[in-house]
Amino acid sequence: MGINSEVEIEANLQIGPTSDGMVRLFIEAKGIEVPLDFDPEEADEIAEEIRSAAASARANSKK
């Protein structure tokens, strides 16, 4: 499965700060829970990657 493969899996995503000063991405799907913790600098980098991917997706959809 790659980034362009479509799947029929529904998932919930929650994002928020932890009491330990980390940023948590919490993914839940089909009874599986995946907590991913990042320090704030890593979270900023991830946010920038998401913004960049969104900009690319917008550009691709206008073609």
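Everything in the sequence shown is counted per our numbering, starting at 263 for the first residue and increasing by one.
Note that CB positions come from ideal geometry on N, CA and C, so glycine has one too.
Remember, predicted model here, so these are calculated numbers, not experimental data.
Paired residues, beta bridge with residue i - DSSP
i      : result
Arg286 : Gly278, Asp299
Ala291 : Ile294
Option in the options with minimal Cα separation from residue i
i      : options                : result
Val285 : Lys292, Ala291, Pro297 : Pro297
Phe300 : Ala273, Ile308, Ala319 : Ile308
Coil, strand or helix - residue i by DSSP
i      : result
Ile337 : Since the displayed the chain opens at 263 and closes at 325, residue 337 lies outside it and no answer follows.
Ala273 : coil
Glu268 : coil
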